[in-house]
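In my numbering, the protein residues as written are 24 to 99.
As structure tokens, then:
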């Protein structure tokens, strides 16, 4: 296999839905994980709780509602 070289000024990683909505892929990954490891529901719940509980530690802003979300929810 040959190597490819790219000359770039910057690389942008979108891991939180800023540019694209990857929710469907995240849900699919969790479903695949659950099928492969069916006894991990408690561990997954613990991980999700850790996301919430540590979101405000060390100066982090916590779980932040993105602009427009509140207005969109009012329409539902």
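The C-beta atom is built at its ideal place from N, Cα and C for all residues, glycine as well.
Small disclaimer: the values here were computed from a predicted structure and weren't measured.
Secondary structure of residue 46 (DSSP, three-state): helix. In the three-state reduction of the DSSP assignment, residue 51 falls in the helix class. Rounded to whole angstroms, the separation of the alpha carbons of residue 72 and residue 83 is 16 Å. The alpha-carbon separation between residue 64 and residue 47 amounts to approximately 19 Å. In the three-state scheme derived from DSSP, where H, G and I count as helix and E and B as strand, residue 32 is classed as coil. CA-CA distance, residue 78 to residue 58, rounds to 28 Å. Minimum Cα-Cα distance from residue 85 among the listed residues 74, 51 and 55 corresponds to 74.
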